[in-house]
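To convert, count from 1 in the sequence shown and add 2; that's the numbering used here.
All C-beta atoms in this analysis are idealised placements derived from N, C-alpha and C, irrespective of residue type, glycine included.
Report on one structure; see the data block that follows.
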Amino acid sequence: MKKIKTGFSMVELLFVMAVMAGLAAIAIPNLASSGDSARFTSMKSDTLNLIAVVEAEKLLNNGVVTDPEETLGNGDIYGTTKLKLTNENRFRLSVNNDCLNGYDIHLWSTGFVGYDINYDSCIDSSIRATTPNS
């Protein structure tokens, strides 16, 4: 009677494991950097939302920016608006006297060290980002 061979040989198993290890070596660094990219995108999105909130509050206060004089985060209230930020993000709003009713926003993440976003309404109204690589 002829014996039927079942299962995989050791060489076949080692080959499959080597291929899987090679794919993991390529995929894992890409997945890690996509998480950083998503966090940084949430920081930029929060900054744009804060600009909209400050501009709305300016309209309610006859064009005057009110300085909260404290660091604010998710769930805090600025003026009449309850802020909805990503949980780790914090920001500081300050009045900028370089121009009429100007303000600065500095946003950072407590869980994402080295990444900051700054906005100055007096200069060019553009968002400037600081990253560990810049």
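Three-state class that DSSP yields for residue i in the structure shown
{"i": "I107", "result": "strand"}
{"i": "K60", "result": "helix"}
{"i": "V97", "result": "strand"}
{"i": "G37", "result": "helix"}
{"i": "G24", "result": "helix"}
{"i": "N91", "result": "strand"}
{"i": "I53", "result": "helix"}
{"i": "T132", "result": "strand"}
{"i": "T83", "result": "strand"}
Own chain, CB closer than 7 Å to residue i, minus 5 neighbours either side, in chain order
{"i": "G65", "result": "N103"}
Extent of the continuous beta strand (DSSP E) run through residue i
{"i": "N120", "result": "D118 to D122"}
Given residue i as reference, the closest of the options once Cα atoms are compared
{"i": "S47", "options": "L85, C101, V97 and I79", "result": "L85"}
{"i": "D126", "options": "T132, N63 and C101", "result": "C101"}
{"i": "T83", "options": "D38, E14, H108 and I53", "result": "I53"}
Cβ neighbours of residue i in the same chain (closer than 6 Å, five flanking residues each side left out)
{"i": "E90", "result": "S111, T112 and G113"}
{"i": "R130", "result": "N120"}
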